[in-house]
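In the numbering used here, the protein residues as written are 457 to 539.
Encoded structure:
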């Protein structure tokens with residue numbers, strides 16, 4: 457079975473009211489021409505096996521180290537917590 461791929465662009469801002477957590481302000485499938493004020497742009501490429509379209513709720517926590525924020529792609533592999 458082949459994977460399904462897609463990209464999403466997240467406009468992310470610091471959420472100062474909640475102890476510095478991040479807030480996704482907007483998500484789009486195409487690169488936005490203009491960023492919302494106070495946001496950075498995060499491009500995420502998804503690759504999901506076709507077999508995954510069974511009833512489930514995928515979840516992943518992605519931590520991006522500071523040294524990787526210099527225009528280098530970050531690859532993340534999601535694994536089941538039950539594994």
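Heads up, the beta-carbon is just placed ideally off N, CA and C, and yes, glycines get one too. It should be emphasised that the depicted structure is a prediction, and the values quoted were computed from it without experimental measurement.
Subject >> Pick from 499, 460, 459 that is closest to residue 466, judged by C-alpha positions >> reply: Residue 466 has its Cα closest to that of 499, out of 499, 460, 459.
Original post:
Alpha carbon to alpha carbon, how far is residue 503 from residue 475?
Top reply: Annotation: residue 503 to residue 475 spans about 32 Å, alpha carbon to alpha carbon.
Original post:
Helix, strand or coil: which one does DSSP assign to residue 506?
Top reply: If DSSP states are grouped into helix, strand and coil, residue 506 belongs with the helices.
Original post:
When the Cα atoms are used, what is the spatial distance from residue 533 to residue 507?
Top reply: Between residue 533 and residue 507, the alpha-carbon positions lie close to 16 Å from each other.
Original post:
What does DSSP give as the partner residues of residue 497 in its beta bridges?
Top reply: For residue 497, which the question treats as bridged, DSSP gives the partners 467.
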